[in-house]
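Input: a single structure, listed below in structure tokens.
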Amino acid sequence: MRDTITEARRIVAGLDLDHIIGLLSGKGLWYSQDAPGVPSIMLTDGPHGIRKQLDTADTLELSKSVPATCFPTAAALGSTWDPQLLEEVGAALGRECRAEDVHVLLGPGLNIKRHGAGGRTFEYFSEDPYVSGHLAAALVRGIQSQGVGASVKHYLANNQEHRRMTIDTIVDERTLREIYLTGFEIAVRESSPWTVMSSYNLVNGEHVGESRTLMTDILRDEFGFDGLAMTDWGATYDRPAAVHAGLDLEMPGSNGAWDERVRAALDAGTLSRADLDEAAARVVDLALRTTTSLPDAATVDHAAHHRLARQAAAAGSVLLTNDGILPLAAAGTIAVIGAFAETPRYQGAGSSLVTPTQIDAFLPAFREAVGDSAEVTYAPGYDARTGATTPALLDEAREAASGATSVVLLVGLPAALESEGFDRTTLRLGEGHEALIAAVTEANPRTVVVLLNGGALVTPWADKPAAILEAYLGGQAGGSAIADVLLGVSEPGGRLAESFPNAQEDVAADRNFPGGLTQVEYREGLYVGYRFHDSADVPARFPFGHGLSYTSFGYSSLSVRKSRNGYTVTITVTNTGDRAGSDVVQVYVRDLESSVYRPYQELRAFAKVHLAPGASQQVTLRLDRRAFAVWDVASHSWAVEAGEFEVLVGASSRDIRARKIIRVASDDVVTPAPGPSAFVATDEEFAAMLGHEVPTARPQLPFTLDSTLGDLRVSFLGRRVVAMVNKRIEKQLGLADASPDDAQAGMFATLVEELPIRGLTMMSGGEFSLATAQRLVTALNLTTPKAWRRR
Ligand code: BGC
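Each residue of the sequence shown is one higher than the last, beginning at 48 in the working numbering.
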């Protein structure tokens with residue numbers, strides 16, 4: 048047992064009840080409470096750089112923070128498939144935290160990309176839990192190697208922004224286990240994170256943070272999590288119930304708003320003193336862990352971190368197509384088109400916003416790299432903030448393109464289209480960018496399109512350019528990294544960790560995304576991403592795992608041998624080209640005779656290999672028992688069904704290079720379980736998957752503490768409340784003069800619309816008391832008879 052938890056329990060035993068209860072809520076927005084013998088510590092965002100707000104910033108001002116290295120977002124880091132690199136990035140993040148006295152970095156986020164339109168997919172790694180879990184674990188190990196806590200978030204089934212504070216995710220047990228819990232399980236087992244953050248939403252009718260099953264039975268008892276569980280910011284619904292469930296710390300602090308109720312729950316016996324003390328001990332434990340016996344913080348070498356950010360951005364950029372134009376010859380005239388070349392899109396909007404230490408815009412970086420070898424011209428093509436183009440901008444771009452030897456065209460998603468807080472409405476690029484691609488590729492087919500965006504795209508124009516490089520949101524060194532990749536100084540090291548479909552309707556979740564006003568139903572079950580495409584034989588435009596290289600790789604000599612705890616897969620990978628490069632060996636497992644519904648194949652292991660030209664390497668990967676298992680709903684446990692399985696090794700889910708059939712022995716009993724016969728469950732099928740009737744969505748009326756401010760608009764009083772809150776936020780944020788690339792206005796507009804009434808207490812630090820919130824609910828219900836009747 049760790050010394051700190053023993054010491055923490057000893058400290059808590061000596062504290063009075065006021066202090067113990069006090070420890071369970073934060074101090075302001077970013078600190079934990081102190082108590083005798085317990086220091087207050089700082090917990091702040093995260094995840095791809097520190098966002099430590101300046102003392103002068105108002106509580107909600109996201110963009111006023113100390114400069115910190117802005118590493119590539121998780122979308123880009125996820126595409127590296129490189130745990131070693133992520134560990135290095137994590138260590139750099141940890142060093143910066145130490146230097147800034149940040150004790151816990153709020154990240155990584157590892158929610159599954161259920162639908163590419165999720166507004167926050169840039170902050171998540173993959174549509175696959177195995178990739179998400181292992182990459183998150185690597186980042187956590189790196190951060191914590193510096194004595195700084197990480198926080199894996201947002202636990203659980205928080206896969207959209209729409210109504211994220213109140214939405215009820217309806218998902219069957221097997222899908223929850225196999226898709227949504229697995230990443231957290233891997234991260235917990237492989238990296239022992241010091242904290243986990245619970246999400247705002249409900250799962251199957253219960254707030255995640257109040258579910259003892261999720262917070263204690265599964266997270267702690269099964270997965271072995273031994274750290275502190277905290278709420279997402281403002282995700283407090285019923286504090287005593289949450290403490291009972293195993294959710295230790297409420298953030299931000301609510302100035303004692305709940306203390307009386309916590310005491311009452313103790314008196315009533317609905318909360319045990321042992322649970323309360325243990326929650327406080329975990330707060331103390333974290334404070335001790337992050338403040339004692341640490342070596343002095345080293346000075347941060349920001350230049351080195353910038354270089355690491357540049358390396359990671361290149362390693363995460365995915366070459367989607369290439370007719371041979373790349374690497375680009377620095378010769379003749381190269382037209383750079385796209386305002387993002389000057390005003391880069393390099394990180395997502397919302398709580399993860401970092402004030403970078405420096406920014407490499409593409410245009411100057413490219414010009415410097417090309418030097419005198421070529422003439423570089425430039426045309427903006429669109430407005431960087433909105434993405435809109437005009438006939439004049441299009442003409443200018445056409446002209447620049449037609450006279451050039453080759454064109455580099457930067458397009459993507461402006462911040463206003465993609466942010467924490469709201470989802471995208473389409474997987475397409477904006478009209479302006481699509482029009483520009485059409486105009487430029489027509490004027491000059493030797494065009495390389497570079498994409499700067501955080502989530503999957505539908506690309507009906509993909510056959511037009513000579514090459515497409517998906518650079519994602521590559522962090523502060525993204526511009527120079529793109530120049531490196533285009534010119535062949537670096538290789539495009541990324542492989543897609545998410546599928547890019549041909550059409551939005553090809554996403555099995557699409558019909559139930561983002562759900563209704565109070566409920567979202569995961570009727571696609573296990574058919575997320577490639578699990579759908581491969582099972583339904585509906586090809587993705589760019590499949591999961593795909594990414595081209597500047598060299599080529601051969602796979603040979605596959606062997607799959609029984610080992611003590613599963614199977615050992617070996618395969619020889621040879622760099623058959625004439626440039627150094629890396630490839631991601633992907634191992635999928637397919638159950639050939641399953642009696643439960645299963646996706647066609649599932650990723651169960653991967654390895655990144657770096658090879659010199661002509662070099663070969665034997666890669667060894669392990670498949671444990673779990674690689675063959677399903678979650679058996681009848682026994683509530685993992686079970687392996689004996690029979691034939693195929694092990695498939697490839698360079699993407701659709702580029703399988705070698706396969707072998709093995710016979711797996713097992714005594715486990717697997718109970719037949721039906722799934723969605725046509726990939727989206729009917730009412731009857733969904734009820735069978737859930738084991739009960741599909742719940743009726745919560746009605747919006749009468750008003751409750753969970754009604755959102757947007758819901759209140761049907762009432763006169765409600766409209767006045769919303770107007771007041773809006774006014775206050777606008778004033779606090781100075782939104783009227785927000786910078787042009789700032790998506791805060793959109794994010795906060797949605798935040799206000801979707802904030803539950805009880806959130807006013809949490810967000811006001813208790814100033815708007817729970818009793819006032821309850822009185823408001825009563826008044827609203829009394830004064831809206833007409834609207835009520837209309838519903
Ligand atoms: C986000 C978290 C973040 C927290 C603090 C929340 O709205 O969901 O990811 O860590 O705010 O900024």
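No residue lacks a Cβ here, since even glycine has one placed at the ideal position from N, Cα and C. No experiment lies behind these values; they were computed from the predicted model shown.
What residue range does the alpha helix (DSSP H) around residue i cover?
i	result
Gly125	Ala121 to Thr127
Asp17	In the structure as shown, the chain starts at 48 and stops at 838, and residue 17 therefore has no counterpart that could be examined.
Glu54	Asp50 to Ala60
Asn205	Neither: Asn205 is in no alpha helix (DSSP H) and is coded neither H nor E.
Gly189	Pro176 to Gln191
Expressed to the nearest angstrom, what Euclidean distance is found between the alpha-carbon atoms of residue i and residue j?
i	j	result
Leu313	Arg320	7 angstroms
Val666	Thr617	5 angstroms
Gly163	Val585	17 angstroms
Thr127	Val634	16 angstroms
Gly256	Met771	29 angstroms
Ala689	Val199	35 angstroms
Ala451	Ala376	13 angstroms
Thr615	Val696	13 angstroms
Leu203	Leu228	7 angstroms
Asp788	Pro94	Only weak support is given to the placement of Asp788: the predicted model assigns it a pLDDT of 48, under 50, and the value that follows is read from those uncertain coordinates. Approximately 20 angstroms, taken between the alpha carbons.
Val687	Ser610	16 angstroms
Ala659	Pro176	31 angstroms
Thr619	Ala288	54 angstroms
Arg838	Leu748	For Arg838, the pLDDT reaches just 48, beneath the cut-off of 50, and the residue's location in the model is therefore unreliable, although a value from the coordinates is still provided. Approximately 8 angstroms, taken between the alpha carbons.
Ala735	Gln664	47 angstroms
Ala311	Leu333	27 angstroms
Val383	Ile68	59 angstroms
Between residue i and residue j, is the Cβ-Cβ spacing less than 8 angstroms?
i	j	result
Ser87	Leu101	no
Gln523	Leu474	no
Tyr577	Phe591	yes
Glu800	Leu756	yes
Glu54	Leu355	no
Asp470	Gly156	no
Leu494	Pro512	The question names Leu, but residue 494 is Thr in the sequence shown. Cβ atoms of Thr494 and Pro512: closer than 8 angstroms.
Ala681	Thr718	yes
Thr380	Glu422	yes
Phe589	Leu367	yes
Leu266	Val243	yes
Ala556	Arg161	yes
Ala792	Ala462	no
Arg542	His593	yes
Cys117	Pro403	yes
Ala25	Ala146	Any question about residue 25 goes unanswered here, given that the chain covers just 48 to 838.
Arg843	Asp730	The structure shown does not extend to residue 843, since the chain spans only 48 to 838, so no value can be given for it.
Asp295	Leu71	yes
Phe172	Glu232	no
Gly535	Ser629	no
Val187	Thr337	no
Pro119	Tyr597	no
Arg98	Ser398	yes
Ala185	Gly137	yes
Give the range of the beta strand (DSSP E) segment to which residue i is assigned.
i	result
Asp430	Here Asp430 belongs to no beta strand (DSSP E), and DSSP marks it neither H nor E.
Gly69	Unbroken run through Gly69 is the alpha helix (DSSP H), Leu64 to Leu70; no beta strand (DSSP E).
Asn622	Gly613 to Asn622
Phe843	The displayed coordinates of the chain run from 48 to 838. Any statement about residue 843 would go beyond what the structure contains.
Glu649	Glu649 to Leu658
Phe692	Gly690 to Ser699
Gln708	The identity of residue 708 in the sequence shown is Ile, whereas the question assumes Gln. Start and end: Asp702 to Val711.
Ile384	Thr380 to Ile384
Asp348	No beta strand (DSSP E) contains Asp348, which DSSP labels as neither H nor E.
Given 8 angstroms, three or more beta-carbon pairs between the segment 440 to 450 and the segment 480 to 494
Contact holds: three or more Cβ-Cβ distances are below 8 angstroms.
Please determine if the segment 510 to 524 and the segment 344 to 358 are in contact, where contact requires at least 3 C-beta pairs separated by less than 8 angstroms.
Here the segment 510 to 524 lies against the segment 344 to 358, with 3 or more beta-carbon pairs under 8 angstroms apart.
Quick test of the definition: if touching needs 3 or more C-beta pairs under 8 angstroms, does the segment 647 to 663 touch the segment 554 to 569?
No, because fewer than three Cβ pairs between the segment 647 to 663 and the segment 554 to 569 fall closer than 8 angstroms, the two stretches do not touch.
Is there contact here, the segment 246 to 256 with the segment 177 to 195, by at least three beta-carbon pairs under 8 angstroms?
These segments do not touch.
Count Cβ pairs between the segment 760 to 776 and the segment 212 to 221 that sit closer than 8 angstroms; are there 3 or more?
The segment 760 to 776 vs the segment 212 to 221: no contact.
When the Cβ atoms of the segment 454 to 465 are set against those of the segment 427 to 440, are three or more pairs found closer than 8 angstroms?
Contact holds: three or more Cβ-Cβ distances are below 8 angstroms.
How about the segment 390 to 401 and the segment 412 to 422: do they share at least three Cβ pairs that are nearer than 8 angstroms?
With a cut-off of 8 angstroms, the segment 412 to 422 and the segment 390 to 401 do not count as touching, because too few Cβ pairs lie within range.
Is the segment 275 to 283 touching the segment 296 to 309 in the sense that three or more CB pairs, one from each, lie closer than 8 angstroms?
Contact between the segment 296 to 309 and the segment 275 to 283 is established, with three or more Cβ pairs separated by less than 8 angstroms.
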